[in-house]
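This report refers to the structure that appears directly beneath it.
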Amino acid sequence: MVRYQIRLYQEGDYQAVRDIYVSGVREHFPRAFRYIVKQPFIVAILGLSSCLLFIVTSSLLLSLSLMVTLLALGYLLLQHIWSQIIELNLMQDLLDIGNSYMKQSACCFWVAVSNGAVIGTVGAIPSTFSPVELELKRLNVCLEYRGLGIAKALCFTVREFAHHSRFAYIVLKTSVIQTEAQNLYHKLGYILVDTITVPHPLAKLTNYTISKYQCHIPLGPEIHRQEKQQCGAILPLERGGGYYNIHSQDNIKI
29 MVRYQIRLYQ EGDYQAVRDI YVSGVREHFP RAFRYIVKQP FIVAILGLSS
79 CLLFIVTSSL LLSLSLMVTL LALGYLLLQH IWSQIIELNL MQDLLDIGNS
129 YMKQSACCFW VAVSNGAVIG TVGAIPSTFS PVELELKRLN VCLEYRGLGI
179 AKALCFTVRE FAHHSRFAYI VLKTSVIQTE AQNLYHKLGY ILVDTITVPH
229 PLAKLTNYTI SKYQCHIPLG PEIHRQEKQQ CGAILPLERG GGYYNIHSQD
279 NIKI
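Residue numbers (our numbering): 29 to 282.
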């Protein structure tokens, strides 16, 4: 049995939170590459280039070599872009987590801890688009601790915080390749409300999109009954309106 608790972020968690984020984003890179090379535009470029070279040289080997070379160059290009995305995000809210989440109104950041080690993270910050929306951000769980309900517990922690902070909705964004995350959000009652194309030339060419999900937060006491049944005991935190939950491997596996 794996026992863990969800608690408020502390300054000593800083490097672990950033490392979990970097590991999680890097983990998605191979899937992103496969998604992009399967897009019709990329397939057409690879096919036409190889066919033209074959027509000119009559060499199947050269044509195949060109395709492999283009794939390798594309891999390196995407890897560079992926690294830039990681560095950009590390320089935003994750540069000063305490100031971004713990010292601002209606913001908070939690970590899941097992045996003294941070194994999961999640943050919450008011949406810039609507005063009644709370945005769920930086949901990450270490690979070896997935399937134990930790991601679900972190989501419910944000949900409880949103309820006590009087938000009407939780919103979040996830990429088109993160199918496991999308399935989790659907099971937790989130609905797809928008699909956004990433503002990058390569993303536009390959239809790489971001999905925006929304979940309504009930105002009555029913949220407490639902979460106590699904997430275990809810314990008050010192930060106003926030809670954390104690969980174990006995939770529903998501």
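For each residue, glycine too, the CB sits at the ideal point set by N, CA and C.
Taking the alpha carbon of residue i as the reference point, which residue from the options has its own alpha carbon closest?
i	options	result
G151	M29, P58 and R35	R35
Q67	L230, Y42 and H244	L230
E172	Y37, I48 and D41	I48
L99	Q132, E115 and V65	V65
A44	G144, L212 and S111	G144
G40	K240, V169, D124 and E208	D124
F57	L76, L106, G75 and S87	L106
G217	L122, G126 and H244	H244
Q210	H228, T234, C183 and F189	C183
L104	A134, L88 and F61	F61
Y42	K165, L74, D121 and P154	D121
I109	T207, V53 and S133	V53
Which whole-angstrom value is the C-beta distance of residue i and residue j, which I expect to be below 8 Å?
i	j	result
V226	I238	6 Å
V160	Y197	6 Å
I114	A140	That belief does not hold up - the Cβ atoms of I114 and A140 are roughly 21 Å apart, past 8 Å.
I70	T223	About 20 Å separates the two Cβ atoms, so there is no contact after all.
Can you tell me whether residue i is buried or exposed, with buried defined as 16 or more other CB within 10 angstroms of its CB?
i	result
T149	buried
R187	buried
H191	buried
C136	buried
R31	exposed
R194	exposed
L92	exposed
K232	exposed
I219	exposed
F157	exposed
Q242	buried
M29	exposed
T185	buried
R166	buried
R253	Confidence at R253 is low in this model, with a pLDDT of 47, below 50, so the placement of that residue should be treated as unreliable; the coordinate-derived value is given next. R253 comes out exposed.
A181	buried
Could you tell me which residues DSSP puts in a beta bridge with residue i?
i	result
P154	L162
S51	Paired residue(s): none; S51 is not in a bridge.
H244	Y197
L36	W138
I238	S203 and I224
**Cβ contact (3+ pairs, closer than 8 Å) linking the segment 199-216 and the segment 80-92** = With a cut-off of 8 Å on Cβ pairs, the segment 199-216 is not in contact with the segment 80-92, counting fewer than three such pairs.
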